[in-house]
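Accompanying notes for the structure given below.
There are 2 protein chains.
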Amino acid sequence: MEVKLRTLPTQVAGVLISRIATGGLTGGLVPSEQQISLEFAVSRAVAREALKILASLDMVDIAQGRRVTLRPAAEWDYLSPLLIEWIPDDQVRQLLREHHEARQIFEPAIAVEAAQRLTDAEILRLGEILEAMHQHEDDPEAYLELDLEFHMAICRATQNRILDRFMYASRWWQSASRRISNQAPRALPLATLQHRAIYEGLAARDPKKAEAAMREHLSTNMMSVMVDEVPVR
Amino acid sequence: MEVKLRTLPTQVAGVLISRIATGGLTGGLVPSEQQISLEFAVSRAVAREALKILASLDMVDIAQGRRVTLRPAAEWDYLSPLLIEWIPDDQVRQLLREHHEARQIFEPAIAVEAAQRLTDAEILRLGEILEAMHQHEDDPEAYLELDLEFHMAICRATQNRILDRFMYASRWWQSASRRISNQAPRALPLATLQHRAIYEGLAARDPKKAEAAMREHLSTNMMSVMVDEVPVR
DNA sequence: GTGCATCGACTTGTCTGACAAGGCCGTGCT
DNA sequence: AGCACGGCCTTGTCAGACAAGTCGATGCAC
């Protein structure tokens, strides 16, 4: 019995991604639609969609008449789960650190903005999520979902769609980061305490307090993320 | 004579985007591949690719058997030029402000990180760009390119691919923002002065000085971006 | 009446083959 | 040496077909 996990183009794109990311391209050339079609025994339509996926990750350029060209690795979309899934573990580990550094930059700033703008309804909602987190401290997966929702809700309260987009686009890294830090002993109850501190700063509409609580929370997570022994996925 | 500006799927996607963004969908339902194919007189393959584009903007969900469903507007990719191009001007104007706010958060932080990490070669390169900017103060388009390159180079120096991605992904907004602020009288020579200050902070590897110069630069730009009369594109 | 299985209509996924349109490069002419 | 042309390869678009999955309505059994 065969389980169909993904569509064909996604699978093909995955192989191409890993081949590109590890430098396994014949002559450094991205294969053409026809070459892909032949090698993977799929129709040209599927090969075509696979290449479109690579293009959407900013990994290649596609133009009529010209063959598909590789783009600089510095510009690839390292926020996409599909890309992350197919690059080597050590790169993922390093990216995880980089993401955490980025998070330390904008999450405290987001807390500051949110503290100045959030509505009573949003405060109420945060309180609910916080309570639910407390209730689910024995269920890591449920806790993780609530944790993400908590941080997203704060970001949403900034009324800034650009910040929101950054946050949303990086949610794979947010999940990965928490999955790791939640492995520490008594991590969940401690996290609840820290989230409560953030909540209180926000509920008091005190930017400084919210920011400080957020920094405190992030520095706890950092320790887990920096450890090399933990599997990244 | 007809000029072909874009591929067919892109054009169709554009119309669908504007229809979705302005609430002009019949019954709130995203049309199916066949409906699109009939309405726009294109093949199903083109209709299909158009929908894939919408999906890549996080505007819709696609799954076999189910018809295409609309996703919440809060999660759309407001960094994509294609999406921006097809939403109303007042939204673009508002998003421009939001982008500037986001920029005020991470660009100073990037300056801090860069000041601690950049190599001699990178300092040299920044100096070259700065000099080129000075030379092109009478050519707004060329100046804009150099300006973007200057800021990208600083971000690149942080050695953080997540930050880099944010910066790269938001380059449409970076361009738009500068195109506006460069309309002010004597904007370019003033900008060169401010960039020189940033450069000097970085070259001295002085995080505080680089950060302060960056903030100064951003606050000048802010004034232009906040003015309502200037066309956003 | 309620619950469930079945069927049919509709949707997206994949395949095949064909031609159009555009870019690249070597040939051969000037 | 330079340029125009033409073949070859590439991506873009079209058409029609069948597979596979979802959803709701129908109708049967209880």
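Which chain is which? The protein sequence lines are A and B, in order. Start counting the first sequence at 5; every next residue gets the next number (this note's numbering). Start counting the second sequence at 5; every next residue gets the next number (this note's numbering). Glycine included, each C-beta is placed from N, C-alpha and C at the ideal position.
The beta-carbon of B/LEU122 is placed no less than 8 Å from the nearest beta-carbon of chain A. A Cβ-Cβ distance of about 7 Å is found for the pair A/SER181 and A/LEU100, placing them in contact under the 8 Å criterion.
Counted as a single uninterrupted DSSP element, the alpha helix (DSSP H) harbouring A/TYR203 occupies residues 191-207.
Put simply, the CB of A/ARG48 is far from chain B, with every gap to its CB atoms at 8 Å or more. For B/TYR203, there are no neighbours in chain A by C-beta distance under 7 Å, as the nearest C-beta there is about 21 Å away. A/ILE24 has its alpha-carbon roughly 11 Å from the corresponding atom of A/THR73.
At least one CB of chain A lies nearer than 8 Å to the CB of B/GLU102.
In this structure the stretch 118-134 of chain B lies against the stretch 156-163 of chain B, because at least three pairs of beta carbons, one per stretch, are closer than 8 Å. For secondary structure counted as the alpha helix (DSSP H) over 4 or more consecutive residues, the stretch 140-198 of chain A holds these complete runs in sequence order: 144-161, 165-173, 175-185. Rounded to the nearest angstrom, the Cβ distance from A/ILE114 to B/SER174 is 16 Å, too far for a contact under 8 Å. Rounded to whole angstroms, the gap between the alpha carbons of B/ILE88 and B/VAL96 is 7 Å. When 8 Å is used as the limit between beta carbons, A/LYS56 is near these residues of chain B: GLU53, LYS56, in chain order. Counting only unbroken stretches of 4 or more residues, the alpha helix (DSSP H) elements lying wholly within the stretch 16-74 of chain A are 37-44, 48-60, in sequence order.
Between B/GLN120 and B/ARG219, the C-beta spacing is not below 8 Å.
The three-state reading of DSSP puts A/LEU9 in coil, since its state is none of H, G, I, E or B. Taking 8 Å as the CB threshold, B/ASP168 lines the interface with chain A. It is roughly 57 Å from the alpha-carbon of A/GLN38 to the alpha-carbon of A/ARG200.
Excluding residues up to 5 positions away in sequence, SER36 lie with their Cβ nearer than 6 Å to the Cβ of A/ARG71 in the same chain. In the DSSP assignment, B/ASP94 falls within the alpha helix (DSSP H) that extends over 93-121. Note that the stretch 42-53 of chain B touches the stretch 14-21 of chain B; at least 3 beta-carbon pairs, one per stretch, sit closer than 8 Å.
In this structure, the CA atom of A/GLY69 is about 58 Å from the CA atom of A/GLU135.
Flagged as an interface residue toward chain A: B/ARG165, by a C-beta distance shorter than 8 Å. Per DSSP, reduced to three states, the secondary structure at B/LEU134 is helical. Taking the Cα of A/GLY18 as reference, the smallest distance to any Cα among A/ASP143, A/ALA59, A/GLN178 is reached at A/ALA59.
With fewer than 16 other CB atoms across the displayed protein chains lying within 10 angstroms of its CB, A/MET227 is exposed. Among the residues facing chain A, B/TYR147 is not included, as its CB has no counterpart in that chain under 8 Å away. Counting C-beta atoms within 10 angstroms of its own C-beta, A/SER223 has fewer than 16 neighbours from the protein chains shown and is therefore classed as exposed. The three-state secondary structure of A/LEU86, taken from DSSP, is helix. If the five residues before and after A/GLU79 are omitted, its C-beta is found closer than 6 Å to the C-beta atoms of ASP62, all from its own chain and listed in chain order. Exclusion of the five residues before and after B/LEU197 leaves no residue of its chain whose Cβ lies closer than 8 Å to its Cβ. Listed in chain order, the positions of the stretch 72-86 of chain A with a beta carbon within less than 7 Å of a beta carbon of chain B are ALA78, GLU79, ASP81, TYR82, LEU83. Chain-order list of chain A residues neighbouring B/SER174: ILE166, by C-beta distance under 8 Å. The three-state secondary structure of A/ASP81, taken from DSSP, is coil. Contact annotation for A/LEU130 against chain B: no contact, minimum CB-CB distance about 17 Å [criterion: below 9 Å].
The three-state reading of DSSP puts B/ASP124 in helix, counting H, G and I together. Interface residue (Cβ-Cβ distance to chain A less than 8 Å): B/PHE154 is not classified as such.
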